[in-house]
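Residue numbers (our numbering): 7 to 89.
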């Protein structure tokens with residue numbers, strides 16, 4: 007077991023904790039947990055790319071990082087209607 011695999015397992019634990027917070031928190035805590043889960047998923051993809059040693063796999067996490075911020079803006083726009 008190398009350091010990249012340990013990092014992936016740790017990030018999966020964090021992703022599970024984010025899922026619990028999304029399911030049980032109030033609306034603002036859910037939004038923060040959803041944003042954090044996007045960051046954690048991006049980090050998991052980066053760690054997987056480093057684990058496999060393929061530079062082509064770095065493109066997907068970088069795209070995910072950009073789209074995570076865009077998703078937050080979309081969620082906030084729709085959330086504005088209900089608050």
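For every residue, glycine included, the Cβ atom is placed at its ideal position computed from N, Cα and C.
Remark: C-beta atoms of residue 66 and residue 51 approach each other more closely than 8 angstroms. Annotation: residue 8 to residue 55 spans about 14 angstroms, alpha carbon to alpha carbon.
By the criterion of a C-beta distance shorter than 6 angstroms, residue 74 is surrounded in its chain by 44, once the five residues flanking it on both sides are discounted. Separation of residue 25 and residue 39 (C-alpha to C-alpha, rounded to the nearest whole angstrom) is 7 angstroms. Taking 8 angstroms as the upper bound for CB-CB distance, residue 81 and residue 37 are in contact here, some 6 angstroms apart.
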